[in-house]
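What follows is a short report on a single structure.
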Amino acid sequence: MATQTIPPSAEAPAPGHALKLAVVLPTLNERDNLAPLVARLEQALGPDGWEAIFVDDNSPDGTSDAARALALKDRRVRVIQRIGRRGLASAAIEGMLSTAAPYVAVMDADHQHDPNLLPQMLAALDSGEAEVAVGSRFVEGGSAAGLSSATREKGSHLANGLARRLTGVELTDPMSGFFMLPSATLRATADRLSGIGFKILLDILATADEPYRVKEFPLKFAERASGESKLDRTVVFEYLIGLYDRWLGHIIPTRFALFGTIGAAGVVVHMVVLALFLESFGGTFRNTVVTPFEVGQTIAALVAMTFNFVLNNALTYADKRLSGFGELVAGWIKFALTCSIGLLANIGVAAVLVRYDFNEYVAALAGIVIGSVWNFALSSRFVWGK
Ligand code: GDD
Ligand code: MN
18 MATQTIPPSA EAPAPGHALK LAVVLPTLNE RDNLAPLVAR LEQALGPDGW
68 EAIFVDDNSP DGTSDAARAL ALKDRRVRVI QRIGRRGLAS AAIEGMLSTA
118 APYVAVMDAD HQHDPNLLPQ MLAALDSGEA EVAVGSRFVE GGSAAGLSSA
168 TREKGSHLAN GLARRLTGVE LTDPMSGFFM LPSATLRATA DRLSGIGFKI
218 LLDILATADE PYRVKEFPLK FAERASGESK LDRTVVFEYL IGLYDRWLGH
268 IIPTRFALFG TIGAAGVVVH MVVLALFLES FGGTFRNTVV TPFEVGQTIA
318 ALVAMTFNFV LNNALTYADK RLSGFGELVA GWIKFALTCS IGLLANIGVA
368 AVLVRYDFNE YVAALAGIVI GSVWNFALSS RFVWGK
């Protein structure tokens with residue numbers, strides 16, 4: 018007869034499985050960085066007690082496959098592959114919510130963050146010395162050598178004072194993408210995080226009911242190991258978005274506000290281009306089928322639309338930015354299609370309203386609003402949806 022095995026008690030962790038720390042690593046085209054990173058994590062954290070969670074947004078370079086290949090050899094490695102989703106902040110949040118470990122850290126997967134800080138950060142949380150541990154480039158002993166530009170560093174300093182007001186916490190590097198906290202702390206406020214952009218730490222700190230006790234650890238921000246940076250939006254800009262998001266984001270969603278502001282700037286661009294065209298070529302179209310206005314209006318619309326596309330790609334959707342020639346051209350075409358349907362909706366709505374005796378300007382405004390909402394809804398789905 019087979020002997021019955023006694024199931025282990027639920028409280029006693031199985032040997033070698035006392036999971037303490039999950040290191041969440043959002044990835045976008047980081048294929049070649051993964052294996053060396055896991056090796057460095059092992060060096061810093063020892064053989065067990067931790068897991069590495071790669072959260073990959075379906076990178077075209079096959080990062081998810083590379084992560085799965087690693088996970089097959091190493092059970093400490095886990096993979097979340099997101100399809101049809103993009104964004105560093107939301108990837109970090111999803112990774113942090115996917116673990117049973119009592120502590121979570123978020124780190125860049127490109128080797129710019131030093132895993133050797135992890136044990137000190139963990140010790141500070143474990144002893145109760147701090148509630149959140151942050152790797153800082155600007156605290157004594159840290160360095161920002163790997164920062165891509167001097168402006169970025171300046172921007173960081175400027176943003177710190179503002180960040181203090183937002184979070185109630187004194188921080189030298191509020192935009193740091195390297196931090197650790199108890200996973201329960203994260204879960205307690207996760208439903209209030211915005212998940213937009215890459216100001217995830219700022220967002221977590223600002224969402225706290227009481228300011229967290231934060232300890233900073235000097236981080237020598239290294240050069241990227243391979244691949245390229247995706248996040249060159251300035252910290253000041255990111256901070257302003259954060260502010261808006263908190264104060265007005267529930268009334269007019271942050272991305273829509275950005276989209277609308279850029280759209281309004283696009284109207285100015287349109288008028289300037291049209292005026293310049295009429296000024297220069299207004300007299301040269303005699304006896305032709307098309308009038309100077311028609312040509313000018315077409316050119317102005319195309320320029321304004323391209324202006325909108327470029328700015329939305331750089332700012333509104335910086336965290337989901339399209340890059341590379343093919344992606345940009347495809348995005349531009351989809352954006353153009355979206356806008357033409359939006360224009361039809363705009364004219365249609367305005368025309369109907371005028372028939373029902375609405376004031377022409379009120380009708381025009383309603384058309385513009387409907388058209389913009391349409392453009393926003395469609396382009397967020399089809400142009401930047403992935
Ligand atoms: N899943 C996912 N989705 N991961 C992403 C995305 C995304 O849309 N965008 C970037 N990542 C990953 C990258 O693969 C990398 O592992 C990490 O997030 C950071 O991205 P980088 O593109 O390397 O950012 P960076 O080096 O320019 O910016 C760093 O410094 C900023 C402060 O100056 C990051 O640490 C930021 O978090 C930080 O705010
Ligand atoms: Mn980086």
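Residues in the sequence shown are numbered from 18 upward in steps of one, following the numbering used here. Note that beta-carbon positions come from the ideal geometry of N, C-alpha and C, so glycine has one too.
Pick helix, strand or coil for residue i, following the three-state DSSP scheme.
{"i": "residue 375", "result": "coil"}
{"i": "residue 188", "result": "coil"}
{"i": "residue 120", "result": "strand"}
{"i": "residue 198", "result": "strand"}
{"i": "residue 281", "result": "helix"}
{"i": "residue 297", "result": "helix"}
{"i": "residue 389", "result": "helix"}
{"i": "residue 402", "result": "coil"}
{"i": "residue 366", "result": "helix"}
{"i": "residue 318", "result": "helix"}
{"i": "residue 159", "result": "coil"}
{"i": "residue 153", "result": "strand"}
{"i": "residue 240", "result": "coil"}
{"i": "residue 269", "result": "coil"}
{"i": "residue 146", "result": "coil"}
{"i": "residue 59", "result": "helix"}
{"i": "residue 125", "result": "coil"}
{"i": "residue 287", "result": "helix"}
{"i": "residue 256", "result": "helix"}
{"i": "residue 262", "result": "helix"}
{"i": "residue 357", "result": "helix"}
{"i": "residue 382", "result": "helix"}
Measure the beta-carbon distance from residue i to residue j and round it to whole angstroms, keeping in mind my assumption that it falls under 8 Å.
{"i": "residue 41", "j": "residue 94", "result": "Contact doesn't hold; Cβ gap of about 12 Å is too wide."}
{"i": "residue 198", "j": "residue 146", "result": "That pair is no contact at about 13 Å."}
{"i": "residue 358", "j": "residue 391", "result": "7 Å"}
{"i": "residue 396", "j": "residue 342", "result": "With a Cβ gap of about 20 Å, residue 396 and residue 342 do not count as contacting."}
{"i": "residue 186", "j": "residue 231", "result": "5 Å"}
{"i": "residue 150", "j": "residue 183", "result": "Actually they do not touch by this definition, with Cβ atoms about 19 Å apart."}
{"i": "residue 38", "j": "residue 54", "result": "So it is not a contact: roughly 15 Å between Cβ atoms."}
Would you report the Cα separation of residue i and residue j, rounded to the nearest angstrom?
{"i": "residue 13", "j": "residue 153", "result": "One cannot answer for residue 13 here, as it falls past the ends of the chain, which runs 18 to 403."}
{"i": "residue 361", "j": "residue 318", "result": "14 Å"}
{"i": "residue 142", "j": "residue 219", "result": "18 Å"}
{"i": "residue 399", "j": "residue 221", "result": "29 Å"}
{"i": "residue 380", "j": "residue 367", "result": "5 Å"}
{"i": "residue 345", "j": "residue 311", "result": "28 Å"}
{"i": "residue 267", "j": "residue 217", "result": "18 Å"}
{"i": "residue 225", "j": "residue 209", "result": "10 Å"}
{"i": "residue 126", "j": "residue 387", "result": "41 Å"}
{"i": "residue 104", "j": "residue 43", "result": "9 Å"}
{"i": "residue 375", "j": "residue 389", "result": "20 Å"}
{"i": "residue 113", "j": "residue 295", "result": "56 Å"}
{"i": "residue 273", "j": "residue 202", "result": "30 Å"}
{"i": "residue 74", "j": "residue 191", "result": "25 Å"}
{"i": "residue 101", "j": "residue 194", "result": "23 Å"}
{"i": "residue 276", "j": "residue 364", "result": "20 Å"}
{"i": "residue 239", "j": "residue 188", "result": "20 Å"}
{"i": "residue 256", "j": "residue 131", "result": "25 Å"}
{"i": "residue 377", "j": "residue 371", "result": "6 Å"}
{"i": "residue 138", "j": "residue 265", "result": "34 Å"}
{"i": "residue 200", "j": "residue 263", "result": "23 Å"}
{"i": "residue 235", "j": "residue 128", "result": "16 Å"}
{"i": "residue 68", "j": "residue 76", "result": "21 Å"}
{"i": "residue 405", "j": "residue 196", "result": "Residue coverage of the chain in this structure runs from 18 to 403, which leaves residue 405 outside it and unanswerable."}
{"i": "residue 258", "j": "residue 307", "result": "44 Å"}
What are the start and end residues of the beta strand (DSSP E) that includes residue i?
{"i": "residue 97", "result": "94-98"}
{"i": "residue 40", "result": "38-44"}
{"i": "residue 111", "result": "No beta strand (DSSP E) holds residue 111; the alpha helix (DSSP H) holding it covers 105-114."}
{"i": "residue 231", "result": "231-235"}
{"i": "residue 341", "result": "Run containing residue 341: none; DSSP gives neither H nor E here."}
Which residue marks the beginning of the alpha helix (DSSP H) containing residue i, and which one marks its end?
{"i": "residue 83", "result": "80-90"}
{"i": "residue 71", "result": "Here residue 71 belongs to no alpha helix (DSSP H); instead the beta strand (DSSP E) covers 67-73."}
{"i": "residue 207", "result": "Residue 207 -> no alpha helix (DSSP H), and no H or E assigned at all."}
{"i": "residue 102", "result": "Note, residue 102: premise wrong, no alpha helix (DSSP H); not H, not E."}
{"i": "residue 224", "result": "217-224"}
{"i": "residue 306", "result": "It is not in any alpha helix (DSSP H) - residue 306 carries neither H nor E in the DSSP assignment."}
{"i": "residue 137", "result": "135-143"}
Counting Cβ pairs closer than 8 Å, one from the segment 328-344 and one from the segment 305-319, do we hit at least three? The segment 328-344 is not in contact with the segment 305-319.
Are there three or more Cβ pairs, one per stretch, closer than 8 Å when the segment 154-161 is compared with the segment 100-120? no
Taking contact to mean 3 or more Cβ pairs, one atom from each stretch, closer than 8 Å, check whether the segment 77-84 and the segment 41-53 are in contact. yes
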